[in-house]
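Residue numbers (our numbering), protein chains in the order written: chain A, 59 to 352; chain B, 13 to 323.
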C-alpha cells in the first residue's frame, strides 16, 4: 500500500481511510459471495451425484429414495455393458464424431485460408455466401436432407450422419478470423524459399493455428456426439445407433429399473466428462472467444 | 528480408497479394475452397433450396418426386391450423421460461465467481460440466428426479411439507419442469461467456471508483452492468435462438405431451414429416420457423449496430 507521512494533506488521508474501510467491507462482501456461490455449485452437482448414488444401488433398493446405499454394487454397470448395445453405441458415436471433427477442421481451414490470404475474383461474394450459412439452423433442413439421403440410399450409414455436419460456416469464420490475426512474416519467408500455398498452409499456418484447430475440433466433436434429432432420423438400425439415439430409444424399456437406467446415463456421460476434464481450458476459451452455440 | 527486397529494387509487396500473379492465386483459391464449397452446396444450400421448393408441393415421404403442385396451400394450412399455432406458442412459452433465468442467474453467478480468487476450476466444473452432456443423459437423470412418489425432488419437497406437482405428467407443470432441466443443463454456457466478459473489464475502473468511495453494489451498477452490455446482447440472442430450437427435451421426456402441452415447433415438423409422411407440409413449417429465427437474428444485428455507434 501507499506509505503516508504525517504531513499528508487531509484529502489524501480521508481517501486512504476510505480505502481501508472498503477493504474490510469488501472482504465481508467477498466472503458472502463465496458462500452463495458454493451453495449454488453444490445444488448444481446434486443431479449427477444422485444419478451415481442410484446406479450404485441394487434395483430393488432404489424405490426408497434415500442417499444411503445399504448394499453398494456395480451390477447395474455390468448389466448395462453386457446386456445392452452400449459398446456398439460408443463405437458409432466415436467414429461419426471423429470423422466429422476432422472433416470440419480440414475443409473449414482450407476455405478460410483462401479467404484470408488470397486475392481472387468474387472473394467477397464467396465470403458472404458462406457467412449466410450461419443464419440457417441445421434443424430446418432435416426434411430435405432426409429425402436427399433416402434418394441415394445412404440412410442407415454413418455417411448420412457425418456429411451434413461437416460443412460448418461458423468454423470457416473462426479460422478466417484467426488467420487474419496471424503475422505474415513467416509466410513471406517461406514464400521467398519457394514454398507454394499448400506447403505454407500445412507447414506454417496450421501449426500456428493450433488454438483455433483445438476449439473447432473439440466443439464439432461434442456437438456431433450429442446430436439427437438428425441421427435419430437416419439411423434406425440398432446396430448403428449413436449413444444419444440408443439411450433415447431404450429409455422406455427399463421401466422401474432405476439403477440400470442411471448406470446407462452415467456410461453415456462418461466419454464427454473425460473430454471436458482433458480439454477444459480449450473449451472454455473457445466459448469465450467465439460464443459458438448450437 | 526487407534489405533483400531493397537491394533487388523491387516494389514492396502489398500486404495481401502474396506477390503471386492473380491468375495463379485464383487457381489456388479454387482448390482450397472446393472441398468446403462442394459439401456446403450439396448438404446445406442444396437442401435449403429443395426444402423451399418442396414447401409448395404435396410431397410425401413415401413417394419419390415432388408430387402435385400445391401453391401456397401448405402455408395457408399451417397458418390456419391450431396445431401450428399451439406448437409455436409452446416454443415461445419455453423460450420465455428459460431465457430470463438463464441470463440472470448466469450473470449473478459469474459476478460472484469473478470475486472469488480460489477454486475457480470447481465452479467451472459444477456449472459447465452439465452443458457438454448429451441431452439423452440429462433427460434420463431428470426423469428419475421428477418421478412421482419416488423421485428425489418429489420426496424432498414432501419432507419439507410441500405437496409436489406430478411435474411431467401435469399439463400446467410439464413445460416449467422441462425449463428447470434446461436451466440446469445449459446455464454453464452463459456463465462462461459472462465470466469472460467480466475479465475484460479493466481493474483500474474498480480501483478508481473504490477510492471515490463506491461500495460493491454501486460498482456493479455503475461499472459492471454497463460494461457487460455487449456480452448481454450476445448471450440473450444466442439463448433465444437456442431455446426456439428446443426438441430433445420434449422428445425424450414428454413426447410432446401430456396432451400435446409441450409439443415444440420442431417436434411438430418431426410429427408431420416423419410420422404423417407429409414432408411438403413439414417443409413449409420449417420455412416459417426459419423466418422466426431470421427475425431474431435481425433484431440482434440492429442492437449490435446501435451499441457500436454508442461506443
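Here a beta-carbon is modelled for each residue, glycine too, at the ideal position from N, C-alpha and C. In this text the structure is predicted, and so the values were computed from the model without any measurement.
{"Check": "Per-residue contacts from residue 341 of chain B into chain A (C-beta, under 8 Å)", "Outcome": "This structure does not reach residue 341 of chain B, given that chain B is present from 13 up to 323, and the question cannot be answered."}
{"Check": "Cβ-based neighbour list, residue 295 of chain B, same chain, cut-off 6 Å, excluding 5 preceding and 5 following", "Outcome": "63, 66 and 67"}
{"Check": "Chain-ordered chain B contacts of residue 302 of chain A [CB-CB under 7 Å]", "Outcome": "146, 147 and 148"}
{"Check": "Proximal residues of chain B, C-beta to C-beta of residue 334 of chain A below 7 Å", "Outcome": "141 and 144"}
{"Check": "Inter-residue spacing [alpha-carbon to alpha-carbon] between residue 72 of chain B and residue 291 of chain A", "Outcome": "16 Å"}
{"Check": "Secondary structure of residue 140 of chain B, DSSP reduced to three states", "Outcome": "helix"}
{"Check": "Boundaries (first-last residue) of the alpha helix (DSSP H) holding residue 264 of chain B", "Outcome": "260-265"}
{"Check": "The stretch 231-245 of chain A contacting the stretch 256-272 of chain A, beta-carbon criterion three pairs below 8 Å", "Outcome": "yes"}
{"Check": "Alpha helix (DSSP H) segments (min. 4 residues) lying fully within the stretch 156-196 of chain B", "Outcome": "164-171"}
{"Check": "Coil, strand or helix - residue 341 of chain B by DSSP", "Outcome": "Given that chain B is displayed from residue 13 to residue 323, the structure contains no residue 341 of chain B and the question cannot be resolved."}
{"Check": "Proximity of residue 106 of chain B and residue 255 of chain B at Cβ, strictly below 7 Å", "Outcome": "yes"}
{"Check": "Nearest candidate by alpha-carbon position, reference residue 100 of chain A, set B:264, B:140, B:83 and B:284", "Outcome": "B:140"}
{"Check": "First through last residue of the alpha helix (DSSP H) which encompasses residue 235 of chain A", "Outcome": "227-238"}
{"Check": "Closest residue to residue 301 of chain A among A:158, A:310, A:284 and A:295 (Cα-Cα distance)", "Outcome": "A:284"}
{"Check": "Backbone secondary structure at residue 7 of chain B - three-state DSSP", "Outcome": "Absent from the model: residue 7 of chain B. The displayed extent of chain B is 13 to 323, so no value can be given."}
{"Check": "Nearest candidate by alpha-carbon position, reference residue 57 of chain B, set A:196, A:334 and A:275", "Outcome": "A:196"}
{"Check": "Short CB-CB distance (under 7 Å) between residue 260 of chain B and chain A", "Outcome": "yes"}
{"Check": "Cβ of residue 295 of chain A within 7 Å of any chain B Cβ", "Outcome": "no"}
{"Check": "CA nearest to the CA of residue 156 of chain B, picked from A:158, A:319 and A:81", "Outcome": "A:319"}
{"Check": "Distance cut-off 6 Å: residue 313 of chain A Cβ against heavy atoms of the ligand ATP", "Outcome": "The ligand ATP is absent from the structure shown, which contains no ligands of any kind."}
{"Check": "N-terminal and C-terminal residue of the alpha helix (DSSP H) that residue 143 of chain A is part of", "Outcome": "It is not in any alpha helix (DSSP H) - residue 143 of chain A carries neither H nor E in the DSSP assignment."}
{"Check": "Proximity test, Cβ basis, 7 Å: residue 304 of chain B and chain E", "Outcome": "No chain E appears in the structure shown, which is made up of the protein chains A and B."}
{"Check": "Burial state of residue 136 of chain A, where buried means 16 or more other Cβ atoms lie within 10 Å", "Outcome": "exposed"}
{"Check": "Simplified DSSP state of residue 265 of chain A, which is helix, strand or coil", "Outcome": "helix"}
{"Check": "Segment contact flag, the stretch 106-126 of chain A with the stretch 177-189 of chain A, C-beta cutoff 8 Å, min 3 pairs", "Outcome": "no"}
{"Check": "Closer than 7 Å to chain B by CB, residue 237 of chain A", "Outcome": "no"}
{"Check": "Given residue 311 of chain B as reference, the closest of B:289, B:193, B:89 and B:252 once Cα atoms are compared", "Outcome": "B:252"}
{"Check": "Given 8 Å, three or more beta-carbon pairs between the stretch 219-237 of chain B and the stretch 187-197 of chain B", "Outcome": "no"}
{"Check": "Interface residues of chain B facing residue 206 of chain A [CB-CB closer than 9 Å]", "Outcome": "54, 55, 58, 59 and 62"}
{"Check": "Whole-number beta carbon distance between residue 52 of chain B and residue 130 of chain A, since they are thought to touch under 8 Å", "Outcome": "The pair is not a contact, with the Cβ atoms about 52 Å apart (cut-off 8 Å)."}
{"Check": "Per-residue DSSP class, three states only, for residue 220 of chain A", "Outcome": "helix"}
{"Check": "Test: residue 180 of chain A CB closer than 7 Å to a CB of chain B", "Outcome": "no"}
{"Check": "Cutoff 7 Å; reference residue 320 of chain B; Cβ partners in own chain excluding five residues on either side", "Outcome": "none"}
{"Check": "Coarse secondary structure for residue 125 of chain A, derived from DSSP in three states", "Outcome": "coil"}
{"Check": "Chain A contact for residue 127 of chain B (CB, 7 Å cutoff)", "Outcome": "yes"}
{"Check": "C-beta neighbour in chain A for residue 38 of chain B, strict 7 Å", "Outcome": "yes"}
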